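Note sheet for the following structure.
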Amino acid sequence: MNNTDERSQATEECLEDTQAAHEQTENVIIEEETCTLCNDSAQCVTVCKHFFCYTCARGFITQSTKCVVCSEETNGIVFITVNESRNKQSKKK
Numbered sequence: 001m002n003n004t005d006e007r008s009q010a011t012e013e014c015l016e017d018t019q020a021a022h023e024q025t026e027n028v029i030i031e032e033e034t035c036t037l038c039n040d041s042a043q044c045v046t047v048c049k050h051f052f053c054y055t056c057a058r059g060f061i062t063q064s065t066k067c068v069v070c071s072e073e074t075n076g077i078v079f080i081t082v083n084e085s086r087n088k089q090s091k092k093k
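Using the working numbering, the letters of the sequence shown correspond one by one to residues 1 to 93.
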């Protein structure tokens with residue numbers, strides 16, 4: 001196997017792992033509904049699948065574009081309401 005084939009295979013394996021992780025985290029959107037920080041009712045979720053109430057989210061978004069839980073770059077954080085996530089899940093089924 002040459003270097004290009006090895007890279008191609010590694011990329012393919014990475015994509016499969018990413019897809020499997022994505023499928024697992026999609027189910028979390030339906031199950032979790034509490035803020036990761038204060039355990040209050042969550043109204044939004046980051047792109048890295050951490051849930052927050054608006055108060056906590058507003059508090060940390062003004063400080064950094066990284067998730068306060070995992071430090072993943074969120075590029076200004078994309079918020080999706082939990083209800084909107086549920087609607088998307090329902091449409092997929």
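Even glycine gets a Cβ: it sits at the ideal position worked out from N, Cα and C. None of these values were measured; they are calculated from a predicted model.
Candidates 62, 56 and 48: which alpha carbon is nearest residue 37's? Closest by alpha carbon: 56.
If we call anything under 9 Å between Cβ atoms a contact, is residue 52 one with residue 63? For the pair residue 52 and residue 63, the CB atoms are not nearer than the 9 Å cut-off.
Are the beta-carbon atoms belonging to residue 40 and residue 46 less than 9 Å from one another? No. Outside cutoff.
Might you give, ordered along the chain, the residues of its own chain that have their beta carbon closer than 6 Å to the beta carbon of residue 182, omitting 5 neighbours on each side? Past the edges of the chain, shown from 1 to 93, lies residue 182, and the structure says nothing about it.
From residue 73 to residue 11, what does the alpha carbon distance come to, in whole angstroms? Near 22 Å, if we compare the C-alpha coordinates of residue 11 and residue 73.
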